[in-house]
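Here's the structure, in structure tokens; my notes come after.
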Amino acid sequence: MRSPRRCSRNGCPRQAVATLTYVYNDSTAVVGPLAAFAEPHTYDLCEPHARSLTAPRGWELVRHDGEFAPPPPTTDDLVALAEAVREAARPSPPPLEEDRGPQQGRRGHLRVIPPPTSAPRAAAPSARPARFVRPARLARRSRAYGRALISNPRPFALDRRRIP
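Heads up: the sequence shown begins at 1 in UniProt numbering, then just goes up one per residue.
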């Protein structure tokens with residue numbers, strides 16, 4: 001899907017209706033109808049900018065005689081129109097059911113659990129804080145790092161401890 005081509009002039013929001021091209025060998029600038037495709041080294045211009053364009057000293061300016069045709073509708077416009085027609089033809093969704101209170105839902109492998117209705121339980125006084133358990137792969141890496149510290153003490157002369 002392509003979007004409508006805009007004027008190449010900075011800050012101009014209007015749609016392009018003309019294309020400016022240069023012929024350097026002849027020192028000629030040509031302002032003609034909008035090209036079918038945007039090409040490098042060409043500039044798309046809106047009608048006010050196409051009419052007010054001037055050529056540099058020593059150059060000839062060739063203008064398109066007559067009115068510039070408005071650009072054809074883009075595929076984006078046609079798709080948007082078709083989508084609006086489809087949306088209008090769709091039946092309206094059924095009304096939502098009334099709130100039936102807390103329920104447990106399921107979606108894929110995750111569960112949605114309703115919030116507790118009673119006060120949260122206090123932690124047992126003998127409960128110890130959870131200890132971080134290092135994965136085996138990470139433990140091997142850290143042991144290898146500790147051996148590197150011991151075998152090559154120069155870069156880390158102050159830090160010679162082994163990492164468990």
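Cβ coordinates follow ideal geometry from the N, Cα and C atoms, glycine included. The model shown is predicted, which means the values in this text are computed figures rather than measured ones.
Item	Value
Simplified DSSP assignment, three categories, for P63	Per the sequence shown, residue 63 should be read as Arg rather than Pro. R63: strand per DSSP, three-state reduction.
R5 in three-state terms, based on DSSP	coil
Residue environment, T117, which counts as buried when at least 16 other CB atoms sit within 10 Å	exposed
Residue range of the alpha helix (DSSP H) that includes P48	47–52
Straight-line gap, L78 to V31 (C-alpha atoms, nearest Å)	29 Å
Helix, strand or coil at C12 according to DSSP, with G and I counted as helix	coil
Secondary structure of L81, DSSP reduced to three states	helix
Beta-carbon proximity check, A69 vs L61, cutoff 7 Å	no
Cutoff 7 Å; reference C46; Cβ partners in own chain excluding five residues on either side	C7, C12, R14, Q15, A16, V17
For T42 and T28, believed in contact at Cβ under 8 Å, the rounded distance	Between T42 and T28 the Cβ distance is about 14 Å, and since that is not below 8 Å, they are no contact.
Exposure label - L34; buried when at least 16 CB within 10 Å	buried
C-alpha gap between A80 and R51, whole angstroms	32 Å
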